[in-house]
Amino acid sequence: MTNVSRETAVLTAYPEAKTGLTNFARILETTAIERGLLGPGEAPKVWDRHIGNSIVLETLIPEGCSLIDIGTGAGLPGIALGIIRPDLAVRLIEPKQRGVEFLEETINLLGLTNIQIHRARAEEMHGQLVADVVTARAVASVAQLIAWGEPLMEHHGKLVLLKGEKADIELAEAKPTMRKHGLILDEVVFLGEGLLLEPTRAVVLNRK
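Residue numbers (the numbering used here): 68 to 275.
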């Protein structure tokens, strides 16, 4: 499936978000790469590896939730989810100034009023910010993401992590951290089959 056909598939699945997703894709293909937030070879992969990989998480997020995205970088998955789910109150945590500037410009260009940005490391927001769902994508190991993310979870909240092939190894290594933070593994689920070249692997953790 080519990038064009993946774009068509994604927009067919989310027709109400066509304009927002298309504009976001163009920003990722140009500005995000120019500023080093995505690699130089990522433009052909934007619809599959970045936008598609992110938006399929929405099936795990109940309506009207608050969401924190840790180390969001180019706004993935946070901005992508905010585009297709205007019911979500999204908070992006990004420590790097160049990332924050890109995020501010992007949400302004896209007219997204349901997204706020916090320039900080995740641990600096402990005790200041909580959400129903905390997400992270490829920024650290499962154990580290638990340490960063659990204090940001509401009591009833959940941690949703996009992970690669080493997810099972990382989960095994994270067991002591899970116990320390009072979390249990809910599921490891594959999302986007038939839509993406490679389905998104999501690790979902809940409180005991």
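Glycine included, C-beta positions come from ideal geometry on N, C-alpha and C.
Model, not experiment: these values are computed from the prediction.
Indicate whether residue i and residue j have their beta-carbon atoms separated by less than 7 Å.
i: GLU254; j: VAL209; result: no
i: VAL200; j: CYS132; result: yes
i: ILE251; j: LYS230; result: no
i: ARG165; j: ARG102; result: yes
i: LYS85; j: LEU95; result: no
i: ALA241; j: ARG268; result: no
i: ILE184; j: LEU159; result: yes
Figure out for me which residue from the options has the closest Cα to the Cα of residue i.
i: LYS112; options: ASP235, SER72, GLY145, PRO129; result: SER72
i: MET192; options: PRO162, ASN181, ASN175; result: PRO162
i: LEU170; options: VAL201, VAL77, ALA99; result: ALA99
i: ILE128; options: LEU104, VAL157, ALA141; result: VAL157
i: THR97; options: THR79, GLU221, ALA141; result: ALA141
i: PRO243; options: ALA214, GLU265, LEU134; result: ALA214
i: ILE146; options: GLN164, GLY103, THR202, GLU109; result: THR202
i: LEU262; options: LEU272, GLY119, GLU130; result: GLY119
i: GLU130; options: LEU264, GLY149, LYS85; result: GLY149
i: VAL206; options: THR126, LEU143, VAL77; result: LEU143
i: GLU75; options: ASP115, GLU125, ARG246; result: A small correction: the amino acid at residue 75 is Thr; Glu does not occupy that position in the sequence shown. With distances taken between Cα atoms, THR75 lies closest to ASP115.
i: VAL256; options: LEU228, GLN195, LEU155; result: LEU228
i: GLU190; options: PRO266, LEU124, LEU212; result: LEU212
i: HIS223; options: GLU125, ARG246, ASN273, LYS247; result: ASN273
For residue i, collect the residues of the same chain with a Cβ closer than 7 Å to its Cβ; drop the 5 residues on either side in sequence, then sort them by chain order.
i: TYR81; result: LEU88, ILE122, ILE151
i: PRO107; result: ILE100
i: ARG188; result: PRO162
i: PRO266; result: PHE257, LEU258, GLY259, GLU260
When we look at the beta-carbon of residue i and count the other beta-carbons within 10 Å, is it buried (16 or more) or exposed?
i: MET68; result: Because the pLDDT at MET68 is just 49, under 50, the model does not fix this residue reliably, and the value given afterwards should be weighed accordingly. Answer is exposed; the Cβ neighbour count stays below 16.
i: ASP136; result: buried
i: LEU176; result: exposed
i: THR180; result: exposed
i: GLY249; result: exposed
i: HIS117; result: buried
i: PHE91; result: buried
i: GLY138; result: buried
i: LYS225; result: buried
i: GLY259; result: buried
i: GLY216; result: buried
Below 6 Å CB to CB, which residues in the same chain sit around residue i once its five sequence neighbours on both sides are set aside?
i: PRO218; result: HIS193
i: ILE174; result: ILE182
i: LEU134; result: LEU155, VAL157, ALA198, VAL200
Spatial neighbours of residue i within its chain, please: CB distance less than 8 Å, with the 5 preceding and 5 following residues excluded, ordered by chain position.
i: PRO153; result: ASN181
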